[in-house]
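Chemist:
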Amino acid sequence: MIPIRKDTIFHQFKTARSWALNHLEKLEEKDEKFLHTIPEGFPNSLHWQFGHIAAMSEFASVKFFDHENEVAERFLKYFDYGTKPQDFDENTPTIADIKQLLETQVDSFNEDITDDLLETPLENDSFGAKDFGEYWGFFIIHEALHIGKIEEMKRVLENQGL
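Using full-length UniProt numbering, read the sequence shown as starting at 1 and increasing by one per residue.
(1) Could you tell me if residue 44 is buried or exposed, where buried requires 16 or more neighbouring beta carbons within 10 angstroms of its beta carbon?
(2) I'd like to confirm the pairing. Which residues does DSSP put opposite residue 93 in its beta bridges?
(3) Is it right to say residue 84 is buried, meaning 16 or more other beta carbons lie within 10 angstroms of its own, or is it exposed?
(4) Rounded to a whole number of angstroms, what is the C-alpha to C-alpha distance between residue 150 and residue 35?
(5) Whose CA, out of 140, 23 and 15, lies closest to the CA of residue 155?
(6) Figure out for me which residue from 105, 106, 130 and 107 has the closest Cα to the Cα of residue 117.
(7) Around the C-beta of residue 160, are 16 or more other C-beta atoms found within 10 angstroms, so that it is buried, or is it exposed?
(8) Can you list, in chain order, the residues of its chain with a C-beta nearer than 6 angstroms to that of residue 112? Leave out the 5 residues immediately preceding and following it.
(9) Would you say the stretch 53-72 touches the stretch 89-101, given that touching needs at least three Cβ pairs under 8 angstroms?
(10) Pick out whichever of 121, 60 and 132 has its Cα sitting closest to the Cα of residue 143.
(11) Starting from the Cα of residue 91, find the closest Cα among 78, 133 and 15 and give me that residue.
(12) Counting along the chain, where does the beta strand (DSSP E) carrying residue 116 start and finish?
(13) If you reduce the DSSP assignment to three classes, tell me which class residue 44 lands in.
(14) Would the beta-carbon of residue 5 fall within 8 angstroms of that of residue 107?
(15) Is it buried or exposed, residue 50, if we count other Cβ atoms within 10 angstroms and call 16 or more buried?
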């Protein structure tokens with residue numbers, strides 16, 4: 001099998017992340033209610049979607065780079081699988097918090113990921129990935145999937161007159 005190289009993975013990650021940030025910047029111009037409304041037919045809000053993208057990156061940072069920190073704990077508390085906007089409270093990361101984290105994660109991962117790390121076998125089954133490179137490929141697909149959800153949700157909210 002041909003190993004996945006850092007420059008390829010990082011380019012794909014930067015591309016997906018730039019899409020997420022581009023959408024977030026455009027949505028920041030809208031009324032705050034737009035980001036917090038759960039569109040008909042969806043379980044979460046745009047706020048949750050962006051927070052989930054950031055939270056999953058923090059999850060990867062903790063899992064693979066041992067970067068245990070309060071930011072990861074806070075984001076996972078509100079945006080991990082199984083969470084929902086109805087459980088948000090005054091400690092929920094704001095859109096500004098999310099945007100800042102999304103921006104800083106790109107450089108952080110560029111520093112942490114190496115070609116050798118990408119070839120490191122995974123001990124447990126992480127979404128069917130045999131090594132870190134395959135996991136990171138899945139991770140990028142996951143982020144792109146949520147960007148697609150963001151696009152869908154935006155259209156639905158606009159069609160609902162928000």
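We put the beta carbon where it would ideally sit given N, CA and C, even for glycine.
Modeler: Reading off the structure:
(1) Taking the sequence shown and counting its residues from 1, one reaches residue 44 at position 44. So residue 44 counts as buried.
(2) As a working mapping, residue 93 is identified with position 93 in the sequence shown. Partner residues in a beta bridge of residue 93, as assigned by DSSP, do not exist.
(3) As a first step, residue 84 is located in the sequence shown; it is residue number 84 there, counting from the start. Answer is exposed; the Cβ neighbour count stays below 16.
(4) Numbered from its first residue, the sequence shown carries residue 150 at position 150. Numbered from its first residue, the sequence shown carries residue 35 at position 35. Taking the straight line from one Cα to the other gives about 10 angstroms.
(5) Taking the sequence shown and counting its residues from 1, one reaches residue 155 at position 155. Checked all of 140, 23 and 15; the closest Cα to residue 155 is 23.
(6) Position 117 of the sequence shown, counted from the start, is the residue given in the question as residue 117. Distances from the CA of residue 117 to each of 105, 106, 130 and 107 were compared; the closest alpha carbon is that of 130.
(7) The residue labelled residue 160 in the question sits at position 160 within the sequence shown. Residue 160 should be labelled exposed.
(8) Here residue 112 is taken as the residue at index 112 of the sequence shown, counted from 1. Apart from the 5 residues on each side of it in sequence, residue 112 sits with its Cβ closer than 6 angstroms to the Cβ of 65 in its chain, given in chain order.
(9) Between the stretch 53-72 and the stretch 89-101, the count of Cβ pairs shorter than 8 angstroms is three or higher; the stretches touch.
(10) Your numbering for residue 143 matches position 143 in the sequence shown. When each option's Cα is compared against that of residue 143, the closest is 60.
(11) Taking the first residue of the sequence shown as 1, we reach residue 91 at position 91. Comparing alpha-carbon positions, the option among 78, 133 and 15 lying closest to residue 91 turns out to be 78.
(12) Residue 116 sits at position 116 when you count from the first residue of the sequence shown. Where residue 116 is concerned, there is no enclosing beta strand (DSSP E), although the alpha helix (DSSP H) it sits in stretches over 115-118.
(13) Locating residue 44 in the sequence shown gives position 44, counting from the first residue. Three-state result, residue 44: coil.
(14) One-based indexing of the sequence shown puts residue 5 at position 5. One-based indexing of the sequence shown puts residue 107 at position 107. For the 8 angstroms CB-CB criterion, residue 5 and residue 107 do not form a contact.
(15) Position 50 of the sequence shown, counted from the first residue, corresponds to residue 50. So residue 50 ends up on the buried side.
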